[in-house]
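Numbering (mature numbering (1 follows the signal peptide of the UniProt record, and there is no 0)), first residue to last: -24 to -1, 1 to 232.
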(Lines of atoms letter the chains of each structure in order from A and count residues from 1; the text may use other names and numbers.)
(Lines give C-alpha, C1' and ligand atoms only; values in the text may rest on other atoms or scores of the structure.)
Protein backbone atom coordinates (compact mmCIF):
# COMPACT_ATOMS: atom_id res chain seq x y z
CA UNK A 1 0.00 0.00 0.00
CA UNK A 2 2.85 2.37 0.79
CA UNK A 3 4.28 2.02 -2.72
CA UNK A 4 0.86 2.85 -4.16
CA UNK A 5 0.73 6.03 -2.08
CA UNK A 6 4.25 6.95 -3.20
CA UNK A 7 3.35 6.25 -6.84
CA UNK A 8 0.19 8.32 -6.54
CA UNK A 9 2.11 11.21 -5.02
CA UNK A 10 4.73 11.00 -7.77
CA UNK A 11 2.10 10.98 -10.50
CA UNK A 12 0.35 13.94 -8.88
CA UNK A 13 3.63 15.87 -8.80
CA UNK A 14 4.28 15.08 -12.47
CA UNK A 15 0.77 16.24 -13.41
CA UNK A 16 1.29 19.48 -11.52
CA UNK A 17 4.59 20.02 -13.30
CA UNK A 18 3.03 19.35 -16.71
CA UNK A 19 0.11 21.63 -15.94
CA UNK A 20 2.50 24.39 -14.97
CA UNK A 21 4.48 23.90 -18.18
CA UNK A 22 1.36 24.04 -20.35
CA UNK A 23 0.21 27.17 -18.60
CA UNK A 24 3.54 28.87 -19.22
CA UNK A 25 3.53 27.93 -22.91
CA UNK A 26 -0.03 29.24 -23.44
CA UNK A 27 0.34 32.41 -21.36
CA UNK A 28 -0.29 35.88 -22.74
CA UNK A 29 2.29 37.40 -25.07
CA UNK A 30 3.13 41.06 -25.67
CA UNK A 31 0.73 42.59 -28.22
CA UNK A 32 3.68 43.90 -30.23
CA UNK A 33 4.66 40.31 -31.05
CA UNK A 34 1.30 39.72 -32.72
CA UNK A 35 1.12 42.81 -34.94
CA UNK A 36 1.89 41.89 -38.54
CA UNK A 37 0.86 39.31 -41.12
CA UNK A 38 0.22 35.65 -40.23
CA UNK A 39 -0.10 32.95 -42.88
CA UNK A 40 -1.27 29.38 -42.49
CA UNK A 41 -4.24 27.07 -43.07
CA UNK A 42 -7.94 26.81 -42.42
CA UNK A 43 -9.47 23.33 -42.29
CA UNK A 44 -13.09 22.12 -42.25
CA UNK A 45 -12.83 18.40 -41.55
CA UNK A 46 -16.50 17.57 -42.13
CA UNK A 47 -16.19 18.43 -45.82
CA UNK A 48 -12.44 17.88 -46.21
CA UNK A 49 -12.03 21.54 -47.16
CA UNK A 50 -8.54 22.94 -46.59
CA UNK A 51 -6.67 25.92 -48.00
CA UNK A 52 -4.60 29.00 -47.21
CA UNK A 53 -5.53 31.66 -44.69
CA UNK A 54 -3.96 35.06 -44.03
CA UNK A 55 -4.57 37.14 -40.92
CA UNK A 56 -3.19 40.69 -40.85
CA UNK A 57 -3.20 42.30 -37.41
CA UNK A 58 -2.77 46.04 -37.90
CA UNK A 59 -3.19 47.28 -34.34
CA UNK A 60 -4.03 46.18 -30.80
CA UNK A 61 -5.48 49.00 -28.69
CA UNK A 62 -6.38 47.85 -25.19
CA UNK A 63 -9.23 45.40 -25.74
CA UNK A 64 -9.72 46.38 -29.39
CA UNK A 65 -8.23 44.52 -32.33
CA UNK A 66 -7.92 45.84 -35.90
CA UNK A 67 -7.01 43.95 -39.02
CA UNK A 68 -8.02 41.99 -42.10
CA UNK A 69 -8.67 38.27 -42.63
CA UNK A 70 -8.54 36.31 -45.89
CA UNK A 71 -9.82 32.78 -46.55
CA UNK A 72 -8.59 31.19 -49.79
CA UNK A 73 -10.23 28.34 -51.70
CA UNK A 74 -13.66 28.45 -50.08
CA UNK A 75 -16.75 27.24 -52.01
CA UNK A 76 -17.39 30.98 -52.59
CA UNK A 77 -13.87 31.61 -53.84
CA UNK A 78 -11.23 33.71 -52.09
CA UNK A 79 -12.85 36.02 -49.54
CA UNK A 80 -11.22 38.97 -47.77
CA UNK A 81 -12.61 41.50 -45.33
CA UNK A 82 -11.93 43.51 -42.17
CA UNK A 83 -12.30 42.10 -38.67
CA UNK A 84 -15.73 42.90 -37.23
CA UNK A 85 -16.51 43.54 -33.54
CA UNK A 86 -12.98 42.39 -32.78
CA UNK A 87 -12.01 41.88 -29.14
CA UNK A 88 -8.60 41.29 -27.55
CA UNK A 89 -8.43 39.83 -24.02
CA UNK A 90 -5.64 40.28 -21.42
CA UNK A 91 -4.70 36.61 -21.91
CA UNK A 92 -4.12 37.38 -25.63
CA UNK A 93 -7.25 35.56 -26.81
CA UNK A 94 -8.87 37.10 -29.87
CA UNK A 95 -12.52 36.99 -30.96
CA UNK A 96 -13.93 38.63 -34.08
CA UNK A 97 -16.32 38.27 -36.97
CA UNK A 98 -15.49 38.14 -40.67
CA UNK A 99 -17.10 37.84 -44.11
CA UNK A 100 -19.90 40.29 -43.28
CA UNK A 101 -20.47 38.60 -39.93
CA UNK A 102 -21.17 35.17 -41.42
CA UNK A 103 -18.01 33.75 -39.84
CA UNK A 104 -16.88 34.00 -36.19
CA UNK A 105 -13.28 33.33 -35.25
CA UNK A 106 -11.63 32.56 -31.90
CA UNK A 107 -7.84 32.51 -31.78
CA UNK A 108 -4.98 32.59 -29.31
CA UNK A 109 -1.16 32.67 -29.56
CA UNK A 110 0.61 29.44 -28.70
CA UNK A 111 4.34 29.26 -28.02
CA UNK A 112 6.13 25.93 -28.27
CA UNK A 113 9.91 25.48 -28.13
CA UNK A 114 10.41 29.19 -28.66
CA UNK A 115 8.20 29.31 -31.77
CA UNK A 116 5.04 31.41 -31.77
CA UNK A 117 1.91 30.55 -33.74
CA UNK A 118 -1.75 31.53 -33.71
CA UNK A 119 -4.28 28.72 -33.39
CA UNK A 120 -8.00 28.37 -32.88
CA UNK A 121 -11.29 27.78 -34.61
CA UNK A 122 -13.86 29.41 -36.87
CA UNK A 123 -17.58 28.82 -37.20
CA UNK A 124 -19.66 29.17 -40.36
CA UNK A 125 -23.39 28.39 -40.39
CA UNK A 126 -23.03 25.86 -37.58
CA UNK A 127 -19.92 24.17 -38.99
CA UNK A 128 -16.73 24.44 -36.95
CA UNK A 129 -13.29 24.48 -38.53
CA UNK A 130 -9.69 24.75 -37.38
CA UNK A 131 -7.15 27.54 -37.91
CA UNK A 132 -3.38 27.32 -37.57
CA UNK A 133 -1.12 30.23 -38.57
CA UNK A 134 2.62 29.96 -38.08
CA UNK A 135 4.29 31.89 -40.92
CA UNK A 136 4.79 35.42 -39.56
CA UNK A 137 5.96 38.66 -41.19
CA UNK A 138 6.18 41.26 -38.40
CA UNK A 139 5.10 44.84 -38.60
CA UNK A 140 3.53 45.10 -42.01
CA UNK A 141 2.10 42.98 -44.81
CA UNK A 142 4.41 44.66 -47.31
CA UNK A 143 7.68 43.57 -45.69
CA UNK A 144 10.20 42.15 -48.15
CA UNK A 145 13.21 39.89 -47.81
CA UNK A 146 15.64 42.47 -49.20
CA UNK A 147 18.75 42.64 -46.98
CA UNK A 148 18.95 45.78 -44.84
CA UNK A 149 21.07 48.70 -46.01
CA UNK A 150 24.41 48.47 -44.22
CA UNK A 151 24.40 52.14 -43.22
CA UNK A 152 21.11 51.72 -41.35
CA UNK A 153 21.94 48.47 -39.60
CA UNK A 154 22.12 50.31 -36.26
CA UNK A 155 18.34 50.77 -36.41
CA UNK A 156 17.48 47.09 -36.46
CA UNK A 157 16.26 45.34 -33.34
CA UNK A 158 14.32 46.13 -30.21
CA UNK A 159 14.54 49.40 -28.29
CA UNK A 160 13.03 49.80 -24.81
CA UNK A 161 12.45 53.03 -22.96
CA UNK A 162 9.82 55.68 -22.19
CA UNK A 163 7.20 57.83 -23.82
CA UNK A 164 6.27 61.14 -22.16
CA UNK A 165 3.41 63.57 -22.78
CA UNK A 166 4.47 66.42 -20.55
CA UNK A 167 1.28 68.46 -20.99
CA UNK A 168 -0.76 65.80 -19.17
CA UNK A 169 2.06 64.26 -17.12
CA UNK A 170 1.52 60.95 -18.91
CA UNK A 171 4.60 58.71 -18.87
CA UNK A 172 5.12 54.97 -19.24
CA UNK A 173 7.10 52.25 -20.97
CA UNK A 174 7.75 52.18 -24.71
CA UNK A 175 9.05 49.44 -26.99
CA UNK A 176 10.04 50.19 -30.58
CA UNK A 177 10.98 47.26 -32.80
CA UNK A 178 12.63 47.90 -36.16
CA UNK A 179 12.23 44.68 -38.12
CA UNK A 180 13.63 45.59 -41.50
CA UNK A 181 15.20 48.41 -43.50
CA UNK A 182 14.81 48.21 -47.27
CA UNK A 183 16.37 51.24 -48.94
CA UNK A 184 14.49 54.20 -47.50
CA UNK A 185 11.61 52.02 -46.28
CA UNK A 186 11.40 50.94 -42.66
CA UNK A 187 9.23 48.11 -41.30
CA UNK A 188 8.53 47.79 -37.61
CA UNK A 189 6.12 48.39 -34.76
CA UNK A 190 5.69 50.47 -31.62
CA UNK A 191 4.14 49.43 -28.29
CA UNK A 192 3.00 52.20 -25.93
CA UNK A 193 2.21 51.05 -22.38
CA UNK A 194 -0.12 52.79 -19.97
CA UNK A 195 -2.00 55.03 -22.40
CA UNK A 196 -5.58 56.11 -21.63
CA UNK A 197 -6.58 53.27 -24.01
CA UNK A 198 -4.40 50.74 -22.22
CA UNK A 199 -1.33 49.05 -23.75
CA UNK A 200 -1.48 49.63 -27.52
CA UNK A 201 0.64 48.17 -30.33
CA UNK A 202 0.80 49.57 -33.85
CA UNK A 203 2.61 48.53 -37.01
CA UNK A 204 4.55 51.19 -38.90
CA UNK A 205 2.56 52.61 -41.81
CA UNK A 206 4.57 54.21 -44.61
CA UNK A 207 7.71 53.95 -42.49
CA UNK A 208 10.62 55.75 -44.16
CA UNK A 209 14.03 57.29 -43.55
CA UNK A 210 14.58 60.95 -44.34
CA UNK A 211 18.21 61.84 -43.80
CA UNK A 212 18.99 60.20 -40.45
CA UNK A 213 15.40 60.38 -39.16
CA UNK A 214 12.87 57.54 -39.19
CA UNK A 215 9.29 58.66 -39.77
CA UNK A 216 6.15 56.52 -39.63
CA UNK A 217 2.40 56.80 -39.30
CA UNK A 218 0.57 54.66 -36.73
CA UNK A 219 -3.08 53.83 -36.09
CA UNK A 220 -4.25 54.70 -39.61
CA UNK A 221 -2.44 58.02 -39.40
CA UNK A 222 -3.88 59.16 -36.06
CA UNK A 223 -0.40 58.94 -34.53
CA UNK A 224 2.90 59.95 -36.14
CA UNK A 225 6.31 59.05 -34.80
CA UNK A 226 9.81 60.12 -35.72
CA UNK A 227 13.18 59.34 -34.18
CA UNK A 228 16.87 58.89 -34.92
CA UNK A 229 19.79 56.95 -33.49
CA UNK A 230 21.93 58.97 -31.06
CA UNK A 231 25.36 57.84 -29.82
CA UNK A 232 26.69 59.15 -26.52
CA UNK A 233 29.58 57.67 -24.52
CA UNK A 234 29.61 54.73 -26.97
CA UNK A 235 26.00 53.92 -26.10
CA UNK A 236 23.27 54.07 -28.72
CA UNK A 237 19.69 55.14 -28.16
CA UNK A 238 16.78 56.33 -30.24
CA UNK A 239 15.31 59.73 -29.46
CA UNK A 240 12.45 61.63 -31.02
CA UNK A 241 8.82 62.55 -30.73
CA UNK A 242 5.28 61.40 -31.42
CA UNK A 243 2.15 63.39 -32.19
CA UNK A 244 -1.46 62.47 -31.43
CA UNK A 245 -4.40 64.79 -32.16
CA UNK A 246 -2.19 67.86 -31.99
CA UNK A 247 -0.40 66.88 -28.79
CA UNK A 248 3.35 66.30 -29.06
CA UNK A 249 5.20 63.87 -26.81
CA UNK A 250 8.78 62.68 -26.39
CA UNK A 251 10.25 59.20 -26.87
CA UNK A 252 13.59 57.84 -25.77
CA UNK A 253 14.69 54.21 -25.76
CA UNK A 254 17.87 52.14 -25.54
CA UNK A 255 18.94 48.65 -26.39
CA UNK A 256 17.15 45.91 -24.43
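Each residue gets a CB set at the ideal place from its N, CA and C atoms; glycine is no exception.
Of 171, 170, 198, 172, the smallest CA-CA separation from residue 181 is found for 198. Judged by DSSP secondary structure, residue 48 falls within the beta strand (DSSP E) whose first and last residues are 40 to 50. In this structure, residue 169 sits away from residue 153, with a CB-CB distance that is not shorter than 8 Å. Nearest in C-alpha terms to residue 90, of all of 43, 188, 40, 5, is 5. The DSSP assignment places 12 to 20, 25 to 37 as complete runs of the beta strand (DSSP E) inside the stretch 4 to 37, in order along the chain (cut-off: 3 residues). Measuring C-alpha to C-alpha distances from residue 10 to each of 163, 84, 137 identifies 84 as the nearest.
Assignment of residue 174 by DSSP, reduced to helix, strand and coil, places it in the strand class. Under the three-state reduction of DSSP, residue 131 is assigned to helix.
Excluding residues up to 5 positions away in sequence, 130, 131, 188, 212, 213, 214 lie with their Cβ nearer than 8 Å to the Cβ of residue 205 in the same chain. Counting other Cβ atoms within 10 Å of its Cβ, residue 32 reaches 16 or more and is therefore classed as buried.
Setting aside the 5 residues that flank it on each side, residue 141 is surrounded in the same chain by 223, 225, each with a C-beta closer than 7 Å to its C-beta; the list follows chain order. One Cα belongs to residue 66, the other to residue 39, and the distance between them is close to 8 Å. Bounds of the beta strand (DSSP E) holding residue 85 are 79 to 88. In the DSSP assignment, residue 203 is bridged to 190, 216. CA-to-CA, the gap between residue 24 and residue 106 works out to about 12 Å. Secondary structure note for residue 225: its beta strand (DSSP E) is the uninterrupted segment 223 to 231.
Here residue 22 is exposed. Its C-beta has fewer than 16 other C-beta atoms within 10 Å.
DSSP places residue 63 inside the beta strand (DSSP E), whose first and last residues are 60 to 64.
Around the beta carbon of residue 165, a 10 Å sphere encloses 16 or more other beta carbons of the protein chains shown; the residue is thus reported as buried. In the DSSP assignment, residue 53 is bridged to 50. The beta carbons of residue 185 and residue 203 sit no closer together than 8 Å. Judged by DSSP in its simplified three-state form, residue 183 adopts strand. Residue 151 counts as buried, since at least 16 other C-beta atoms from the protein chains shown sit within 10 angstroms of its C-beta.
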